[in-house]
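Beneath this line is the structure, given in structure tokens, with notes to follow.
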Amino acid sequence: MPILQATIGKARPVSPNNPNPAVEALDTRRINADLLRPVFQTTRRFWIAAGLLGLVIAWAVAAWAYQIKTGLGVTGINQRVMWAIYIVNFVFWIGISHAGTLISAILRVTNATWRHPITRAAEAITVFALMIGPMFILVDLGRVWLFYWVAPLPNLRDLWPNFRSPLLWDFSCINAYLVGSLTYLYLPMIPDLALVRDSLGNTGWRRHLYRLLALGWVGSARQWVLLEKAISVMAIIIMPLAVSVHTVVSWVFGMTVNPMWHSTIFGPYFVVGAIFSGIAAVIVALYVIRSILKLESYLEALHFNNLGLLLLAFCLLWGYFTFAEYLTVYYGHGEHEMPVFQYKVSGGLAPLFWGMVVGCLLVPLPLLAFRRTRTPLGTTVAALFVLAGMWLERLTIVVGTLSHPRLSFMWHKYRPSWVELSIMAGAFAYFIFLYLIFSKLFPIVAVWEYKEGRKLLARRAIAAGEHPAPSTAARATVTELEAGG
Amino acid sequence: MSEASQVWAVFADARAALAIGQRWPDAEVFSSEPIESPHGNHAAVRTRVGLAAVVGGVLGGLMGSGLASVTSIWMGLQVGGLPRLAAPAIGIVTFAIAALGAISGVLIVLLVRGRILRLKLEVPEFARHRVADGAVAVMLRVRAEERAQMARELAAAGAEVQVETDS
Numbered sequence: 003m004p005i006l007q008a009t010i011g012k013a014r015p016v017s018p019n020n021p022n023p024a025v026e027a028l029d030t031r032r033i034n035a036d037l038l039r040p041v042f043q044t045t046r047r048f049w050i051a052a053g054l055l056g057l058v059i060a061w062a063v064a065a066w067a068y069q070i071k072t073g074l075g076v077t078g079i080n081q082r083v084m085w086a087i088y089i090v091n092f093v094f095w096i097g098i099s100h101a102g103t104l105i106s107a108i109l110r111v112t113n114a115t116w117r118h119p120i121t122r123a124a125e126a127i128t129v130f131a132l133m134i135g136p137m138f139i140l141v142d143l144g145r146v147w148l149f150y151w152v153a154p155l156p157n158l159r160d161l162w163p164n165f166r167s168p169l170l171w172d173f174s175c176i177n178a179y180l181v182g183s184l185t186y187l188y189l190p191m192i193p194d195l196a197l198v199r200d201s202l203g204n205t206g207w208r209r210h211l212y213r214l215l216a217l218g219w220v221g222s223a224r225q226w227v228l229l230e231k232a233i234s235v236m237a238i239i240i241m242p243l244a245v246s247v248h249t250v251v252s253w254v255f256g257m258t259v260n261p262m263w264h265s266t267i268f269g270p271y272f273v274v275g276a277i278f279s280g281i282a283a284v285i286v287a288l289y290v291i292r293s294i295l296k297l298e299s300y301l302e303a304l305h306f307n308n309l310g311l312l313l314l315a316f317c318l319l320w321g322y323f324t325f326a327e328y329l330t331v332y333y334g335h336g337e338h339e340m341p342v343f344q345y346k347v348s349g350g351l352a353p354l355f356w357g358m359v360v361g362c363l364l365v366p367l368p369l370l371a372f373r374r375t376r377t378p379l380g381t382t383v384a385a386l387f388v389l390a391g392m393w394l395e396r397l398t399i400v401v402g403t404l405s406h407p408r409l410s411f412m413w414h415k416y417r418p419s420w421v422e423l424s425i426m427a428g429a430f431a432y433f434i435f436l437y438l439i440f441s442k443l444f445p446i447v448a449v450w451e452y453k454e455g456r457k458l459l460a461r462r463a464i465a466a467g468e469h470p471a472p473s474t475a476a477r478a479t480v481t482e483l484e485a486g487g
Numbered sequence: 003m004s005e006a007s008q009v010w011a012v013f014a015d016a017r018a019a020l021a022i023g024q025r026w027p028d029a030e031v032f033s034s035e036p037i038e039s040p041h042g043n044h045a046a047v048r049t050r051v052g053l054a055a056v057v058g059g060v061l062g063g064l065m066g067s068g069l070a071s072v073t074s075i076w077m078g079l080q081v082g083g084l085p086r087l088a089a090p091a092i093g094i095v096t097f098a099i100a101a102l103g104a105i106s107g108v109l110i111v112l113l114v115r116g117r118i119l120r121l122k123l124e125v126p127e128f129a130r131h132r133v134a135d136g137a138v139a140v141m142l143r144v145r146a147e148e149r150a151q152m153a154r155e156l157a158a159a160g161a162e163v164q165v166e167t168d169s
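First to last, the protein sequences are chains A and B. Heads up, the first sequence is in this note's numbering, so the first residue is 3 and it goes up one at a time. Heads up, the second sequence is in this note's numbering, so the first residue is 3 and it goes up one at a time.
Here it is as structure tokens:
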């Protein structure tokens, strides 16, 4: 097919009244360069970090292999406390998974314009946390090779799936949430994957990777309309799904008639805790990304301030729920509830319980309440305390009840072994490793969403008269865009 | 009547590209950022994404409730507590699989109606590189005798323009 190629016309001259064409193009190039730099450049620090994390992961895998070979006796788990640190980590990571998708969906639905640079970093947390959390179920199983018995598959063992079991509800909801979160992460990535594809040269494995992942995205108006609509619909689907996941996780405990588990507020209490720890995880991740990738001009103090305010709101909510839960138990003074209550508040678990109160309430509250300390660093310190506090909260919930069942002769203590601690450390390392690889392969700040956010802000500034008005022709088009958008 | 040609133009200015698209009926605009269709606005476009989500959700819900109900009736376990066919338990599984159905519906519509599964990209490589740099590409389908007029209009738009035709 003959190709005719010709160049006609010249770039429109740039003037104060017509600031758009060349300036915007240059700006686009700068944003692309900044946000795609980590994808195109690999530093020595990356390899060192990946190597160190790999070592920790390898150690954890070895510990797990040892546990599989020797049996669960190498852990601190015993007949009474049969769910221990593994299930604590399962609940903790499922909680963290509420970070991205739910927060991103809420901010998207409420059209919060400051969300644009943070959504992808948050959504990635969800996916990786959801990959790691349920892994602890596998670790907790003595005979991991029989895992598929949990799946709702017909079998020949006369053991059909019991749909009345909250464990099966968990299986269904977590898998649905994982699929939804992966989709919700992937959809907004498609235009950026195409951007990387088209910014790369013709050779190399990376080009094939991005070509494959970007599918046939060309950025036509039709594709943009469909994508934005699909993301909006996904945001609506994902919110109840996220809430259901942690509610069902709480029902794994709440549906048993155990002291301090069988509580009507466990569902919302767990959801609030999950979002609380999720926001904290997002803040920490953003701070690390901002510092290491030098993205201070993209992940600004404003984002930390706003996320800090969200964290503050959930800090108060969590405090309220915790107070309500413990006060109700104390006033009821139930025969079986009080031993668990006392074990947590003034017994063997007291240091961990009060550590939780310090981490979740006493430290973050003053740090987040004042604008002066709600800086990127202050917010991150508060978030780190929250993460530690929320992990302790999961521990006191799981171990507190199991170590003090209704029959007092069954009371038992639990101490984690080196195997459990190694596997837990490996999980944290694995999470960071996955995040590191993700931010290496894909733009961790959504390029197109960031640009879209800037345009929205510019439009608002023009409408408010804070920005010099563009030329008449340009103003007419801005009006058209606003009417259409 | 002469056969129609596909003509490519790449603009540095999205507004100029949109203006060209509005004047020429058979035009498509490509951009690395969300952009209006030259012949309509986002709100007016019927994407059927919402409908697909609802249909997928209903189908998923039917599958979920069927899976849980049929299994519970035919192969129910005799355990205490809830009855063999327990509505709350079935409801939760139904909800999760309905959500999966809705997600699948959204994905299918996006991939099929957005023509995203095509391996051969609609935009030539020279244009895609420019689009990645922030330019906006316009594809015009014009008849051969209109090409001169089209070229004049593109020039009048004042943006830097590269033109390719496939005939």
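Built from N, CA and C at the ideal position, the CB exists for glycine as well.
Q. Quick one: does W171(A) have its CB under 8 angstroms from some CB of chain B?
A. Taking a beta-carbon distance threshold of 8 angstroms, W171(A) counts as an interface residue toward chain B.
Q) Does the segment 310–328 of chain A come within contact of the segment 426–434 of chain A, defined as at least 3 CB pairs closer than 8 angstroms? A) No, because fewer than three Cβ pairs between the segment 310–328 of chain A and the segment 426–434 of chain A fall closer than 8 angstroms, the two stretches do not touch.
Q | Closest Cα partner of T330(A) within the set P261(A), M392(A) and V388(A) | A | Looking at the Cα atoms, P261(A) is the closest of the given residues.
Q.
Just checking: is the beta-carbon of P163(A) within a distance shorter than 8 angstroms of some beta-carbon in chain B?
A. By this cut-off, P163(A) is an interface position.
Q) Helix, strand or coil for E337(A) per DSSP? A) Note: E337(A) maps to coil in three-state DSSP.
Q: Compute the Euclidean distance between the alpha carbons of Q81(A) and Y416(A), then round it to the nearest angstrom.
A: Going from the Cα of Q81(A) to the Cα of Y416(A) covers about 11 angstroms.
(Q) At the level of alpha carbons, what is the spacing between V254(A) and V72(B)? (A) Answer to the nearest angstrom: the Cα atoms are 24 angstroms apart.
Q. Does L142(B) come within less than 8 angstroms of chain A when only Cβ atoms are used?
A. Interface flag for L142(B) against chain A is unset, since no Cβ pair is found closer than 8 angstroms.
Q. Is DSSP giving L142(B) helix, strand or coil here?
A. Strand at L142(B).
Q: Measure from the C-beta of V108(B) to each C-beta in chain A and report whether the shortest distance is under 8 angstroms.
A: True, the Cβ-Cβ gap to chain A drops below 8 angstroms.
Q) Around the C-beta of S335(A), are 16 or more other C-beta atoms found within 10 angstroms, so that it is buried, or is it exposed? A) This sequence places His at residue 335(A); Ser is not what is there. With fewer than 16 other Cβ atoms within 10 Å, it is exposed.
Q: Can you tell me which of the three DSSP states G11(A) falls into?
A: Model confidence at G11(A) stands at a pLDDT of 33, short of 50, so the residue's coordinates are unreliable and nothing is read from them.
Q. Between the segment 374–385 of chain A and the segment 432–446 of chain A, do three or more beta carbon pairs fall short of 8 angstroms?
A. Segment contact: the segment 374–385 of chain A against the segment 432–446 of chain A, fewer than three CB-CB distances shorter than 8 angstroms; contact not assigned.
**Q.** Beta carbon proximity, R25(B) to chain A, threshold 8 angstroms
**A.** Not one beta carbon of chain A lies nearer than 8 angstroms to the beta carbon of R25(B).
(Q) Rounded to whole angstroms, what is the Cα-Cα separation between M340(A) and P366(A)? (A) A straight-line Cα-Cα distance of about 29 angstroms links M340(A) and P366(A).
Q) Is it a yes or a no for the segment 129–139 of chain B touching the segment 12–26 of chain B, going by three-plus beta-carbon pairs under 8 angstroms? A) Flag = yes, the segment 129–139 of chain B and the segment 12–26 of chain B touch.
Q: Output the distance between the C-alpha atoms of Q151(B) and R25(B), rounded to the nearest integer angstrom.
A: Taken atom to atom, the span from the alpha-carbon of Q151(B) to that of R25(B) is near 12 angstroms.
Q: Name, going along the chain, the residues of the segment 82–101 of chain A whose beta-carbon falls closer than 8 angstroms to a beta-carbon of chain B.
A: Here the close residues number zero.
Q: Would you mind sorting M412(A) into buried or exposed? The rule is 16 or more other CB atoms within 10 Å of its CB.
A: When all chains shown are included, M412(A) counts as exposed.
**Q.** Bridge-paired residues (DSSP) for E30(B)
**A.** Its beta-bridge partners are M141(B).
(Q) When you compare the CB of R145(B) with every CB in chain A, is at least one pair closer than 8 angstroms? (A) Chain A contact via Cβ: absent.
Q: State the beta-bridge partners of A11(B) as determined by DSSP.
A: Residue pairing by DSSP puts A11(B) in a beta bridge opposite V140(B).
(Q) Against I37(B), what residues of chain A qualify as contacts under a CB-to-CB distance less than 7 angstroms, listed in chain order? (A) Listed along chain A, the residues sitting closer than 7 angstroms to I37(B) by beta-carbon distance are A223 and W226.
Q: Give, in chain order, every unbroken run of the alpha helix (DSSP H) that is at least 4 residues long and sits entirely within the segment 194–269 of chain A.
A: Annotation note: the segment 194–269 of chain A contains the following uninterrupted alpha helix (DSSP H) runs of length 4 or greater, listed N- to C-terminal: 207–215 and 223–256.
Q | Under 8 angstroms (Cβ pairs) to chain B, residues found in the segment 246–257 of chain A | A | Cβ contacts with chain B come from S246 and V250.
Q: Please work out which residues of its chain come closer than 8 angstroms, Cβ to Cβ, to V220(A), disregarding the five sequence neighbours upstream and downstream, and give them in chain order.
A: Excluding sequence neighbours, V220(A) sits near A196.
Q: Check the Cβ of G182(A) against every Cβ in chain B and list those closer than 7 angstroms, keeping chain order.
A: Residues of chain B whose Cβ lies closer than 7 angstroms to the Cβ of G182(A) are, in chain order, A101 and I105.
Q) A107(A) to Y186(A), Cα distance in whole Å? A) Counting only the Cα atoms, Y186(A) lies some 9 angstroms from A107(A).
Q: Consult DSSP for V40(A) and reduce its assignment to one of helix, strand or coil.
A: The residue you asked about is not Val; residue 40(A) is Pro in the sequence shown. Helix.
Q: Starting from the beta carbon of T30(A), find every residue of chain B whose beta carbon is closer than 7 angstroms, and list them in chain order.
A: By Cβ distance, chain B contributes D135 and G136.
**Q.** Proximity below 8 angstroms, CB of L394(A) to CB of G350(A)
**A.** Cβ distance not < 8 angstroms, so L394(A) and G350(A) don't count as in contact.
Q) If you draw a straight line from the alpha carbon of S419(A) to that of D36(A), how long is it in whole angstroms? A) About 45 angstroms.
(Q) Taking the alpha-carbon of P168(A) as reference, which of W450(A), G56(A) and M257(A) has the nearest alpha-carbon? (A) Comparing Cα-Cα distances from P168(A) to each of W450(A), G56(A) and M257(A), the minimum goes to M257(A).
**Q.** Element boundaries [alpha helix (DSSP H), containing T112(A)]
**A.** Looking at the DSSP string, T112(A) is not in any alpha helix (DSSP H), and its letter there is neither H nor E.
Q) Does H455(A) get closer than 8 angstroms to chain B when you measure Cβ to Cβ? A) Looking at the sequence itself, residue 455(A) is Gly, so the reference to His does not match. No, because no Cβ of chain B sits closer than 8 angstroms to the Cβ of G455(A).
Q) Three or more C-beta pairs closer than 8 angstroms, one from the segment 62–70 of chain B and one from the segment 90–106 of chain B: is that the case here? A) Yes, they touch.
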